[in-house]
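Just so we're aligned, residue 7 is where the sequence shown starts under this note's numbering, counting upward by one.
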Amino acid sequence: MSQAFNGTLAYSINTAGAIAGLYYDLGFVIHGFLRAANGAITTFDAPGAGSDPAQGTLAYSINAGEDIARYYTDASGSNHGFLRAAAGGITTFDAPGAGTGAGQGTISRSIDAPGVTVGYFLDSNSTKHGFVHAAGGAIVTFDAPGAGNAALQGTIAESINRTGSVAGVYVDVNNVSHGFLLTPAGAAIRPAKPPGVPL
């Protein structure tokens, strides 16, 4: 593996200035980090994260409450979603139908203020499907109209906004990429905004 894979990658910043990201250690294992607005850095690993090169914990999206979402890769190379609460507790999850082979599994991409996460999973055929994961744990999966069903085709939910709408990409049967908008994002599973939590 190239030396270029060492180092620190910051991926997301919230309105208070807290940053989420990941870093590679000297063994090329991946770890998540939270950099608070005051500069203090907390590193973390999801339960079950692998410890070989290119395995570990990938932190990517942070919301206003400092909850962090992304995924981790286990010792077999399979991926699993996680949510790290601001207090430090980590909850892991797998979307229904997610494959368990290397490179397959569940990948979270974005989190909103109430803690709803969106992303995609690769099934046992490595086809991609979108999901919405409610703060309470319920998961709804979906496919964009026209999405292909061959390996690496399908639906990727990329981002969720304050109204619960989801934007993403789907790949059709000709391997052409298209954008999509899902509105609203599973209103039945989206929790009410807690008092005092900004959208």
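By construction, the Cβ of each residue, glycine as well, lies at the ideal position given by its N, Cα and C atoms.
Beta-ladder partner(s) of residue i, from DSSP
i: Asn85; result: Thr79 and Gly111
i: Ala93; result: According to DSSP, Ala93 bridges with nothing at all.
i: Val146; result: Val138
i: Ser116; result: Val124
i: Thr98; result: Phe88
Residue i: first and last residue of the uninterrupted beta strand (DSSP E) it sits in
i: Ser18; result: Gly13 to Ile19
i: Val175; result: Val172 to Val177
i: Ser183; result: Ser183 to Leu188
i: Leu128; result: Thr123 to Leu128
i: Thr161; result: Gly160 to Ile166
Residues near residue i in its chain [Cβ-Cβ closer than 8 Å; skip 5 each side]
i: Asp100; result: His86, Gly87, Gly111, Thr112 and Phe127
i: Ala141; result: Pro120, Gly121, Val122 and Pro197
i: Gly152; result: Tyr176, Asp178 and His184
Beta-carbon proximity list for residue i, same chain, < 7 Å, skipping 5 on both sides
i: Leu187; result: Ser171 and Ala173
i: Ala92; result: Gly71, Glu72 and Asp73
Cβ-based neighbour list, residue i, same chain, cut-off 6 Å, excluding 5 preceding and 5 following
i: Ala16; result: Ile25 and Gly27
i: Ala149; result: The question names Ala, yet the displayed sequence has Asp at residue 149. Answer for Asp149: His135 and Thr161, listed in chain order.
i: Asn155; result: Thr133
Is the stretch 80 to 87 touching the stretch 16 to 32, taking contact as three or more C-beta pairs under 8 Å? no
With a floor of 3 residues, list each beta strand (DSSP E) that falls wholly inside the stretch 25 to 80, ordered by position along the chain. 25 to 30, 36 to 41, 47 to 50, 62 to 68 and 74 to 79
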